[in-house]
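Engineer: Take 4 as the starting number for the sequence shown in our numbering and just add one per residue. One structure is given below, represented as structure tokens, and several questions about it will come after.
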Amino acid sequence: MSFSSDCKEELCRVPCDKACCRMAELGALYMTLGALSLLGRGQLCVQFATESPAIARRVFVLLQKEAQIVAQLHYVTHARFGGVRECVLTVGPRQAPALLIRLNMMEPGEDGALTLRWTTPRVKLNRDCDRRAFLRGAILGCGTLSNPEHGYHLEWIARDEDLRQNIARCLQSLGVPVKQTERRGVVSLYCKQSDHIAAVLTAAGAHQAVTTLESLRVRRQVLGSVNRAMNCDASNIQKQMDASQRQQRQIEALLKTERFSTLPPALQEIARARLRAPDLNLEELGQTLAPPIGKSGVNHRMRRLMQIAGEELGGGEPALPEPGPPQPDGS
Ligand SMILES: [Zn+2]
4 MSFSSDCKEE
14 LCRVPCDKAC
24 CRMAELGALY
34 MTLGALSLLG
44 RGQLCVQFAT
54 ESPAIARRVF
64 VLLQKEAQIV
74 AQLHYVTHAR
84 FGGVRECVLT
94 VGPRQAPALL
104 IRLNMMEPGE
114 DGALTLRWTT
124 PRVKLNRDCD
134 RRAFLRGAIL
144 GCGTLSNPEH
154 GYHLEWIARD
164 EDLRQNIARC
174 LQSLGVPVKQ
184 TERRGVVSLY
194 CKQSDHIAAV
204 LTAAGAHQAV
214 TTLESLRVRR
224 QVLGSVNRAM
234 NCDASNIQKQ
244 MDASQRQQRQ
254 IEALLKTERF
264 STLPPALQEI
274 ARARLRAPDL
284 NLEELGQTLA
294 PPIGKSGVNH
304 RMRRLMQIAG
314 EELGGGEPAL
324 PEPGPPQPDG
334 S
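Below is the structure:
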């Protein structure tokens with residue numbers, strides 16, 4: 004199961020207790036999955052088509068609870084699209100007018116005869132609860148969510164201008180900026196920021212999906228900072244080892260010359276300490292001396308020692324700050 008279908012299954016389980024919310028959600032589902040057909044002699048039927056049995060069940064329950072309609076379910080297999088099976092719910096001509104009236108698409112005219120005024124539902128989105136319900140229906144009907152392990156992307160493929168306006172209005176009320184794109188003539192609305200996606204999913208009622216999203220985001224952040232710290236440590240250790248090895252080579256070479264015995268005792272001491280303890284950094288090296296000295300003291304002595312070794316041995320061993328960027332080996 005993908006994150007997107009997990010999230011939709013969760014949305015299908017969100018309780019929808021209030022009539023106003025049921026109508027808002029049903030309105031979004033009609034705008035995304037519904038179609039109106041003329042049967043002749045003024046008769047109409049409404050069909051909802053979806054690949055998801057969970058969404059078909061959701062539509063069935065909303066129709067039953069809100070308009071006392073028992074829709075007929077059948078399956079259609081599309082040979083053209085790799086044998087995709089669609090669930091189709093049909094509201095027949097006897098019950099379709101009741102649904103269309105509830106969706107504010109049909110009204111009685113002056114003569115009392117029912118007239119179809121609009122081809123899409125007029126959904127009331129003045130209340131918070133209804134905007135949340137509309138978003139839920141729109142995600143179920145035409146939304147897709149990318150796997151958050153690979154990136155953050157929530158998109159509504161919304162062919163209908165009314166649908167886009169309604170989604171945009173709901174998102175604006177959540178303070179979520181909405182972006183629009185067009186690919187091969189198909190217009191989509193989308194959000195790409197994890198906190199915006201979390202706000203939309205929370206509003207729609209997909210709390211489990213938000214938890215998954217948040218824990219993945221935190222895990223990613225922690226992994227990022229751990230990796231940065233580890234890389235930084237590894238690179239500092241490597242620099243320190245490189246510096247120590249250069250110091251050892253210079254000291255060993257200097258020991259073979261007359262110059263070594265003429266060095267001040269402090270420099271001889273630090274030279275011997277380095278040969279005894281090649282793995283220690285300067286601070287630790289200072290602690291092995293009697294009496295111990297601090298890092299800057301060790302750094303000063305080592306710098307002077309390397310300078311003398313450079314003069315004595317030639318090849319210009321540079322003075323060595325530590326830790327610092329790797330330097331070319333002059334010997
Ligand atoms: Zn409501």
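A virtual CB, placed ideally from N, CA and C, is assigned to each residue, including glycine. Source: prediction; values computed, not measured.
1) Going by Cα to Cα distance, which pick from Ala201, Leu257, Asn284 is closest to Gln241?
2) Thinking C-beta only, is Arg105 closer than 7 Å to Ala70?
3) With respect to the beta strand (DSSP E) encompassing His81, which residues constitute its N-terminal and C-terminal limits?
4) Would DSSP call Met109 helix, strand or coil?
5) Look at Phe137 and Leu148 and say whether their C-beta atoms are less than 7 Å apart.
6) What residue from Met108, Glu113, Val62 has the CA that sits closest to Leu143's CA?
7) For Val91, I'd like the list of residues in its chain whose CB is within less than 6 Å of its CB, leaving aside the five on either flank, ordered along the chain.
8) Taking the alpha-carbon of Gly37 as reference, which of Lys68, Ser8, Met108 has the nearest alpha-carbon?
9) Relative to ligand 2, what is the chain-ordered list of residues with a Cβ closer than 7 Å to any of its non-hydrogen atoms?
10) On the CB-based measure, 16 or more other CB atoms within 10 Å of its CB, does Ser334 come out buried or exposed?
11) With the cut-off set at 7 Å, would you say Ile72 and Leu65 are in Cβ contact?
12) Would you give the residue range spanned by the beta strand (DSSP E) that Gln310 belongs to?
13) From Asn302 to Val203, what distance separates their C-alpha atoms?
14) Trp159 bridges to which residues according to DSSP?
15) Would you tell me roughly how many angstroms separate the C-alpha atoms of Lys259 and Leu292, rounded to the nearest one?
Structural biologist: Reading from the atomic positions:
1) The residue given as residue 241 occupies position 238 in the sequence shown. The candidate whose alpha carbon is nearest that of Gln241 is Asn284.
2) The residue you call residue 70 lines up with position 67 of the sequence shown. The residue you call residue 105 lines up with position 102 of the sequence shown. For Ala70 and Arg105, yes; Cβs fall inside 7 Å.
3) Your numbering for residue 81 matches position 78 in the sequence shown. Its beta strand (DSSP E) spans residues 75 to 81.
4) Numbered from 1 along the sequence shown, position 106 holds the residue referred to as residue 109. Met109 falls in the strand class under three-state DSSP.
5) Looking up residue 137 in the sequence shown gives position 134. Looking up residue 148 in the sequence shown gives position 145. At the C-beta level, Phe137 and Leu148 stay beyond 7 Å of one another.
6) Reading the sequence shown from its first residue, position 140 is the one you call residue 143. Nearest to Leu143 by alpha-carbon distance, out of Met108, Glu113, Val62, is Val62.
7) For the purposes of this step, residue 91 is identified with residue 88 of the sequence shown, where counting begins at 1. Cβ within range, chain order: Gln50, Ala52, His77, Val79.
8) Within the sequence shown, the letter at position 34 stands for residue 37. For the set Lys68, Ser8, Met108, the Cα lying nearest the Cα of Gly37 is the one of Met108.
9) In the structure on display, ligand 2 does not appear, and the ligands it does have are ligand 1.
10) In the sequence shown, counting from the first residue as 1, residue 334 sits at position 331. Note that Ser334 scores a pLDDT of 39, beneath 50, so its modelled location is shaky and nothing firm can be said.
11) Along the sequence shown, one-based indexing puts residue 72 at 69. Along the sequence shown, one-based indexing puts residue 65 at 62. In this structure, Leu65 does not lie closer than 7 Å to Ile72 by Cβ.
12) Here residue 310 corresponds to residue number 307 of the sequence shown, with the count starting at 1. Note, Gln310: premise wrong, no beta strand (DSSP E); alpha helix (DSSP H) at 298 to 316.
13) Reading the sequence shown from its first residue, position 299 is the one you call residue 302. Reading the sequence shown from its first residue, position 200 is the one you call residue 203. Whole-angstrom Cα-Cα distance: 57 Å.
14) Here residue 159 corresponds to residue number 156 of the sequence shown, with the count starting at 1. Within the DSSP secondary-structure output, Trp159 pairs in a beta bridge with Gly146, Leu192.
15) Taking the sequence shown and counting its residues from 1, the one referred to as residue 259 is at position 256. Taking the sequence shown and counting its residues from 1, the one referred to as residue 292 is at position 289. Each residue's alpha carbon lies about 23 Å from the other.
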